[in-house]
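J.:
Numbering (my numbering), first residue to last: 5 to 211.
Structure follows, in structure tokens:
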């Protein structure tokens, strides 16, 4: 059975969602962030040298990195929620699967870090938000053209995109000026599997 090493308010929440969507059996080992620093606890280093979440264990393997975990689980489920058959949709699937962490998440994380730096952080934030807005405008155009990130059906690319979109709504200016993105997020958060994952994972700051 798959073991998910789950850190509260982290990317591992979307791993739980994917597992619920795929119907794969799993157990959860919970970890709590330090209330002052918000860092992951040292115990996670005993699971993986990076000491971060998500990490899963399955059949003697220990696997880190959200995108790698998502691809592994899709393969384990026989390709369910994987790349669509249509060539263009398949390319979009692959792009968004990597775009979530490779392009969209870094400026969001930078904004979070800078928001905790007095004075100089506030000055730097004025340069970060325009960068984020470029991404949010791109996402809005994509979701105006199709109901899901890769096409007509939900895929694992939507699972990967959920965390940065939730973070953007919480702290980076995603609001009613981008209605297609908000509609997508509302649709995602209403899914039964998503709601079950929230119950399993516990309180989630971006819910």
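Every residue gets a Cβ at the ideal spot worked out from N, C-alpha and C, and that includes glycine.
None of these values were measured; they are calculated from a predicted model.
Give me the DSSP bridge partner(s) of residue 32.
T.: Its beta-bridge partners are 8.
J.: Residue 68 by DSSP, collapsed to three states: which one?
T.: Strand at residue 68.
J.: Using beta-carbon positions only, say whether residue 236 and residue 144 come within less than 9 Å of one another.
T.: Residue 236 is absent from the model: the chain starts at 5 and stops at 211.
J.: Would residue 169 and residue 189 be called neighbours here (beta carbons separated by less than 9 Å)?
T.: Result yes, Cβ atoms of residue 169 and residue 189 sit closer than 9 Å.
J.: Compute the distance between the beta-carbons of residue 140 and residue 106, then report whether it is under 9 Å.
T.: Contact flag unset, no.
J.: Grab me the residues of residue 159's own chain with a C-beta within less than 6 Å of its C-beta, minus the 5 sequence neighbours each way, in chain order.
T.: Excluding residues within five positions, the ones whose Cβ falls inside 6 Å are 85 and 97.
J.: Along the chain, where does the alpha helix (DSSP H) that runs through residue 170 open and close?
T.: That run of the alpha helix (DSSP H) goes 160 to 175.
J.: Tell me the start and end of each unbroken alpha helix (DSSP H) in the segment 124 to 157 that is at least 4 residues and wholly inside, in chain order.
T.: Fully enclosed alpha helix (DSSP H) runs of 4 or longer: 124 to 149.
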